[in-house]
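Colleague:
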Amino acid sequence: MVSSADVAMLIRRGGVIKNVEGETLKDVYDYVAARAKLPEGVTAEVFSEELYMREQVLSTAVGNSIAIPHPRRTLFKDPEDERIIVCYLKQPMDMHAPDSFSVHTMFIVLSSSAQSHLGVLSSLAKIFRNKDFVRLLSMQPDAEQLIRKISTLGLS
Numbered sequence: 001m002v003s004s005a006d007v008a009m010l011i012r013r014g015g016v017i018k019n020v021e022g023e024t025l026k027d028v029y030d031y032v033a034a035r036a037k038l039p040e041g042v043t044a045e046v047f048s049e050e051l052y053m054r055e056q057v058l059s060t061a062v063g064n065s066i067a068i069p070h071p072r073r074t075l076f077k078d079p080e081d082e083r084i085i086v087c088y089l090k091q092p093m094d095m096h097a098p099d100s101f102s103v104h105t106m107f108i109v110l111s112s113s114a115q116s117h118l119g120v121l122s123s124l125a126k127i128f129r130n131k132d133f134v135r136l137l138s139m140q141p142d143a144e145q146l147i148r149k150i151s152t153l154g155l156s
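Position 44 (the sequence shown) corresponds to 44 in the UniProt record's numbering; numbering is contiguous.
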């Protein structure tokens, strides 16, 4: 299990990108890739393409206007390079979410292993069950505001 401190650290590493522009999902991923803090050796082009290819397999939208995009494959091996990049879209996008709500917030997960990835997904799922946290996302909080809120949720 990934703790709230682990999720906080991953968000701190990845940062927050606001007002993400794009008419298509590929445009959105290109925009994010050009601005994201990526691990050494991961190019913006590969990052964007991997996110887009994964989305073609199955939507990463999870409901409540949130998506958890991630590459189809591991792009690096060092756990110190893991991160979560939080993105707020300028215009909500239909990503075929199970609840049919358009996505306005993405938590892009970059993991060094399948085990780590599953732990992060599990922790995010628990965080997203908190109604106060989901409401906070509509205000587009910065990384420190997100981290403060996550620290109050008591993930173990």
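We put the CB at the ideal spot given by N, CA and C, even for glycine.
Computed from a predicted model, the values in this text were never measured in an experiment.
Pull up the distance between the alpha-carbon of H117 and that of L110, whole angstroms please.
Modeller: 8 Å
Colleague: Using 10 angstroms around the beta-carbon of D30, count the other beta-carbons present and answer buried if the total reaches 16, otherwise exposed.
Modeller: buried
Colleague: Would you list the residues sitting across from V7 in a DSSP beta bridge?
Modeller: V7 is bridged by DSSP to nothing; it lacks a bridge partner.
Colleague: Classify F128 as helix, strand or coil using the three-state DSSP reduction.
Modeller: helix
Colleague: Would you kindly check if the distance between the Cβ of Y52 and the Cβ of L75 is under 8 Å?
Modeller: no
Colleague: List the whole-angstrom C-beta distance separating L16 from G119, where the pair is believed to meet the contact cut-off of C-beta under 8 Å.
Modeller: The identity of residue 16 in the sequence shown is Val, whereas the question assumes Leu. Actually they are not in contact, since the Cβ atoms of V16 and G119 sit about 22 Å apart, beyond 8 Å.
Colleague: Considering only C-alpha positions, which residue in the set K131, I127, E55 is nearest to I147?
Modeller: I127
Colleague: If you run the structure through DSSP and keep just helix, strand and coil, what is M93?
Modeller: strand
Colleague: Since L110 is in the beta strand (DSSP E), which residue starts that stretch and which ends it?
Modeller: 103–110
Colleague: In the DSSP output, which residue or residues are listed as bridge partners for V16?
Modeller: DSSP lists V86 as partners of V16.
Colleague: With C-beta atoms as the reference, is I108 less than 8 Å away from V32?
Modeller: yes
Colleague: Alpha carbons only, please: which of L136, N130, S138 is nearest the one belonging to L153?
Modeller: N130
Colleague: From this set, G41, M93, R72, which residue's C-alpha is nearest Q56's C-alpha?
Modeller: R72
Colleague: Tell me which residue opens and which closes the beta strand (DSSP E) that V62 is part of.
Modeller: 61–63
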